[in-house]
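> Its first residue numbered 14, the sequence shown is counted upward by one per residue in the working numbering.
All C-beta atoms in this analysis are idealised placements derived from N, C-alpha and C, irrespective of residue type, glycine included.
One structure follows; several queries about it will come next.
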Amino acid sequence: MTGASRRRGAASLAGLSLRDLEYVVAVAEHRHFGRAAEACAVSQPALSAQIRKTEELLGVVLFERGRRGVTITGQGRALVAQARRILAEGHRLFTLARSQQGGLAGPLALAAIETLGPYLFPHILRPLRERYGALDLSLHEGRTARLLELLAEGELDLVLLSLPVHRTGLTAAPLFFEPFLFLHAPDEPLARRRPLALADLASERFLLLEEGHCLRGQALALCGLSHGTGRRHAASLETLRHMVAVGAGYSVIPALAASPDPRLEGLVRCTPFDDPTAGREIALLWRSSDPREPEFTAFADFLRDIAPPGTRRLDRRHPDATPGVADQVGDTGGG
């Protein structure tokens, strides 16, 4: 590169700020200039002007403007993805600076899968606030695949989900084993079977969560069933519980979600399985490149120490892991 071309490149780079990239990512996420401006706390005209300036600087039209909203152009997709990566690295710069000050503090985005978060968070939030008073904590829920994407993109800092997870660039610290329980009507004949095993549930009366929930795949695998099994599906554990209450069939439910609802008294019941492997392993995941790894490891130790009743604490190192505090998560798939 010649001196002149270097100077031109530096001049172009000087005209582009992280704030400009935040506007680009906001429009890409909201697909609407007004909502993006609101999210960025600026006026819509100001945001629109900055987007046009960025497009002119890059020499690429990033967005198609239409009556039905905003669409990312073919050329814009790769640039928006790169903008996300640059912003994530910018956030890591400040994260690294905070980590040098010692202790886990400042903004922290903690997420959990939908079948865990609503039932685990009430157990941990009080001790968490007492132990980590300097944290500006935000909580999120979602399904495994989406949470892993957000974690990899830097939108989330920590994710609680069930193992196994197969994705590069992440570290997993196992926390506890959560048993599955048999969710059934009080007069269900299967509940009287001894020993009661997950394989006993293999029938068309077995109700499942819909596709996208890792709990669905785990339940099917433990029962030795194919993914086409199941007469009816539910969008959430609560809907699953209600389907059992109206006599639609039976299912499995994680122990933390099995707290009795007095409104359903006499309609549903939970019975333990005799199989000690009937359950799931819950772990805390973070990006392996995150400079806060020592703090995250200590945070995992804290969560392990306050594991809720009815669960079984796991060792710091997963049995199949290479030596070390946490697992390096593998290559493909999702939990």
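Beta-carbon of Gly-292 versus every beta-carbon of chain B: anything under 8 angstroms?
Considering every chain present, this structure includes no chain B. It has just one protein chain.
> Contact between the region 293-300 and the region 186-197 is defined here as three or more beta-carbon pairs at a separation below 8 angstroms; is this criterion met?
With the cut-off at 8 angstroms, the region 293-300 and the region 186-197 touch.
> Going by Cα to Cα distance, which pick from Pro-58, Thr-86 and Arg-65 is closest to Leu-29?
The residue you call residue 29 lines up with position 16 of the sequence shown. If we check each option's Cα against that of Leu-29, Arg-65 comes out closest.
> Count the other C-beta atoms from every protein chain shown that fall within 10 angstroms of the C-beta of Pro-192, then say buried if there are 16 or more, exposed otherwise.
On the sequence shown, residue 192 is found 179 positions in, with the first residue counted as 1. Buried.
> Look at the alpha carbon of Val-55 and the alpha carbon of Asp-318, and state the distance between them as a whole number of angstroms.
By one-based count along the sequence shown, residue 55 stands at place 42. By one-based count along the sequence shown, residue 318 stands at place 305. Going from the Cα of Val-55 to the Cα of Asp-318 covers about 44 angstroms.
> Could you give the distance in angstroms between the alpha-carbon of Gly-243 and the alpha-carbon of Glu-308?
To locate residue 243, count along the sequence shown from 1; it is residue 230. To locate residue 308, count along the sequence shown from 1; it is residue 295. At Gly-243, the pLDDT of 49 sits below 50, so the modelled position is not reliable; the number obtained from the coordinates is stated separately. Looking at the two C-alpha atoms, the distance is approximately 43 angstroms.
> Roughly how many whole angstroms lie between the Cα atoms of Val-74 and Gln-88?
In the sequence shown, the residue the question calls residue 74 occupies position 61. In the sequence shown, the residue the question calls residue 88 occupies position 75. Taking the straight line from one Cα to the other gives about 7 angstroms.
> Roughly how many angstroms separate the alpha carbons of Glu-102 and His-43, rounded to a whole number?
Reading the sequence shown from its first residue, position 89 is the one you call residue 102. Reading the sequence shown from its first residue, position 30 is the one you call residue 43. Rounded to whole angstroms, Glu-102 to His-43 spans 22 angstroms at the Cα level.
> Going by C-alpha to C-alpha distance, which of Gly-230, Pro-285, Leu-169 and Asp-303 sits closest to Ala-210?
Taking the sequence shown and counting its residues from 1, the one referred to as residue 210 is at position 197. Among Gly-230, Pro-285, Leu-169 and Asp-303, the Cα nearest to that of Ala-210 is on Pro-285.
> Whose CA, out of Ser-61, Val-38 and Phe-315, lies closest to the CA of Phe-46?
What you label residue 46 is simply residue 33 of the sequence shown in a count that begins at 1. Per the Cα distances, Ser-61.
> Output the boundary residues of the beta strand (DSSP E) element that contains Cys-179.
Taking the sequence shown and counting its residues from 1, one reaches residue 179 at position 166. Reading the sequence as shown, one finds His at residue 179 and not Cys. Segment: none, His-179 is in no beta strand (DSSP E) and carries neither H nor E.
> So, do the region 143-162 and the region 119-133 have three or more beta carbon pairs nearer to each other than 8 angstroms?
Cβ pair count under 8 angstroms is three or more, so yes.
> Would Gly-182 be called buried (16 or more neighbouring beta carbons within 10 Å of its own) or exposed?
To locate residue 182, count along the sequence shown from 1; it is residue 169. Answer is exposed; the Cβ neighbour count stays below 16.
> Let's test the definition: count the other Cβ atoms within 10 Å of the Cβ of Arg-32 and tell me whether it reaches 16, buried, or not, exposed.
Along the sequence shown, read from residue 1 onward, the residue named residue 32 stands at position 19. Arg-32 is exposed by the Cβ-count criterion.
> What is the residue span of the alpha helix (DSSP H) that Ala-41 lies within?
The residue you call residue 41 lines up with position 28 of the sequence shown. Here the alpha helix (DSSP H) through Ala-41 covers 31-43.
> Leu-106 to Gly-130, Cα distance in whole Å?
What you label residue 106 is simply residue 93 of the sequence shown in a count that begins at 1. What you label residue 130 is simply residue 117 of the sequence shown in a count that begins at 1. Each residue's alpha carbon lies about 29 angstroms from the other.
> Report the option in Leu-233, Asp-314, Arg-326 and Ser-264 whose CA atom is closest to the CA atom of Ser-249.
Walking along the sequence shown from the start, residue 249 turns up at place 236. Taking only the C-alpha atoms, the option nearest Ser-249 is Ser-264.
> Quick one: complete beta strand (DSSP E) runs, 3+ long, within the region 138-209?
DSSP runs (the beta strand (DSSP E)) wholly in the region 138-209: 148-155, 171-175 and 183-197.
> Quick one: grab the DSSP three-state call for His-104.
As a working mapping, residue 104 is identified with position 91 in the sequence shown. Helix, per DSSP.
> Taking 8 angstroms as the limit between beta carbons, can you name the residues of its chain near Ala-258, skipping five residues before and five after?
Here residue 258 refers to the residue found at position 245 when the sequence shown is read from its first residue. Counting only Cβ-Cβ distances below 8 angstroms, and skipping sequence neighbours, we find Ala-198, Leu-277, Leu-280 and Val-281.
> Under a Cβ-count criterion, where at least 16 other Cβ atoms within 10 Å of its own Cβ denotes burial, should Gly-82 be classed as buried or exposed?
In the sequence shown, residue 82 corresponds to position 69, counting from 1. Exposed, by the Cβ-count rule.
> Should Thr-157 and Pro-267 be called a contact, given that it needs their Cβ atoms to be closer than 8 angstroms?
Looking up residue 157 in the sequence shown gives position 144. Looking up residue 267 in the sequence shown gives position 254. Against a cut-off of 8 angstroms, the Cβ pair of Pro-267 and Thr-157 comes out as no contact.
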